[in-house]
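Right, one structure below, let's go through it.
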Amino acid sequence: MSLTRRSTLAASLLALHPLSFAQSAWPRQAIRFVVPFAPGGTSEIVARTVANELTKQLGQTVFVDNKGGGAGIPAMTEVAKAAPDGHTLLMGTVGTHAINPSLYPKMPYDHVKDFVPVTLVAGVPNVLVMNPAKAEALGIQGVPDLIRVAKASPGKLNMASSGNGTSIHLAGELFKTMTGTFMVHIPYRGSGPALIDLMGGQMDLMFDNLPSSMPHIKSGKLKALAVTSAVRSAALPDLPTIEEAGGPALKGYEASSWFGLLAPAGTPMDIVNRVQAETARALATPAMKERLSAQGAIPSGNTSAEFAKLIDAETKKWAGVVKASGAKVD
């Protein structure tokens, strides 16, 4: 074949399949991690930790863009409409991808069809925390005391959350259902703002993600009562689970959270696989493992297919919790 014919053939292939050639250059520009909550929460902590490591690996800036409010729906909508080129990714959560579909039957996107799962980044337990001064004034030292006070004075305690439909919200609703108590739910635009008011005394308690509460537990600004996972957290081994602390009424209680990367539908799978591989590589470094584990997070880095199966299973699980708890959007 002559040089001229080879050049013509190459040009024709490029015109027919422009993405197949462009993909090899990914990333061509800065990569945006959209976090669907206000600054200060676990989704941002996890996103920034991974973004910093990926920036080193990829030679392109990976930055976090907080888009709080609306139970993550505005941020999800924005990412669903973004160019499917691997430069805009969502740090999705159990709330945005497994709980919202049951609480919001009419969302402006399809949580399955409009996104491609990339990889589960980390799983974390939630932790039941209280304002220390409020706990002392009410004589609450543990979960049994909290149940006693809540039953004696329905509606006296308020319960902050990072927003309607989050795992933090549903962990509290599940607790209320199983114990037959009533506490007033106050949704915020993320864990950060909720924690500020909790430590400031405007809120009484919260079922927060462990990483965002951990530094405040260690400093004494928050009183931890129990973790919401099925087993104790290695980060706080002396802290009981809610099932352990609560007795028969809370047998089987479990409400953990997870955080993972998703891309807009239509993103080529070779880009999805590259993001997954780079993220898994970052999560496997000793420094990252130590950093996340110290915060109570369990790093993952699984495949796109494995993450998709998790989302499907979690959507079914939380649909049952929403129905059983009668949780409503406030």
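Be aware that the sequence shown starts at 15, since it is given in my numbering, and climbs by one per residue.
Virtual Cβ for every residue (Gly too), placed ideally from N, Cα, C.
I'd like to check one pair, residue 239 with residue 259: are the Cβ atoms closer than 9 Å? yes
Would you list the residues sitting across from residue 106 in a DSSP beta bridge? 274
Does DSSP put residue 80 in a helix, in a strand, or in coil? It is a strand residue.
Where does residue 218 land, buried or exposed, given buried means 16+ other C-beta within 10 angstroms? Buried is the call here.
Just the Cα atoms here: how many angstroms apart are residue 156 and residue 299? 37 Å
Where residue 336 and residue 145 are concerned, what is the direct C-alpha to C-alpha distance, given to the nearest angstrom? 27 Å
Which whole-angstrom value describes the C-beta separation of residue 139 and residue 315, a residue pair presumed to lie in contact below a C-beta threshold of 8 Å? The pair is not a contact, with the Cβ atoms about 19 Å apart (cut-off 8 Å).
Output the boundary residues of the alpha helix (DSSP H) element that contains residue 287. For residue 287, the enclosing alpha helix (DSSP H) has its first and last residue at 283-297.
Residue 137 lies in the beta strand (DSSP E); which residues open and close that run? Element bounds for residue 137: 129-138.
Option in 304, 89, 143, 164 with minimal Cα separation from residue 255: That would be 143, whose Cα lies nearest to the Cα of residue 255.
Quick check on the DSSP output: the alpha helix (DSSP H) that includes residue 159 runs from which residue to which? In the DSSP assignment, residue 159 falls within the unbroken alpha helix (DSSP H) covering 157-166.
Measuring only the C-alpha atoms, how far is residue 111 from residue 56? 16 Å
Is DSSP giving residue 121 helix, strand or coil here? coil
Could you check the C-alpha separation between residue 76 and residue 290 for me, to the nearest Å? 14 Å
Okay, do the region 240-248 and the region 107-122 touch, 3+ Cβ pairs below 8 Å being the bar? no
Among 154, 263, 148, which residue has its Cα nearest to the Cα of residue 214? 148
Test item: CB-CB of residue 287 and residue 318 under 9 Å: yes
Rounded to whole angstroms, what's the CA-CA distance from residue 80 to residue 104? Just pull it up for me. 10 Å
If the criterion is Cβ atoms closer than 9 Å, does the pair residue 107 and residue 181 meet it? When the beta-carbon positions are compared, residue 107 and residue 181 come within less than 9 Å of each other.
Which of helix, strand or coil DSSP assigns to residue 221: strand
Between the CA atoms of residue 42 and residue 200 - distance to the nearest angstrom: Approximately 42 Å between the Cα atoms of the pair.
Which first and last residues belong to the beta strand (DSSP E) in which residue 171 is found? It is not in any beta strand (DSSP E) - residue 171 carries neither H nor E in the DSSP assignment.
Where residue 148 sits in the DSSP three-state scheme: helix
Residue range of the beta strand (DSSP E) that residue 198 falls in? 198-201
Going by Cα to Cα distance, which pick from 53, 96, 60, 191 is closest to residue 303? 60
Euclidean distance between Cα positions of residue 161 and residue 150: 15 Å
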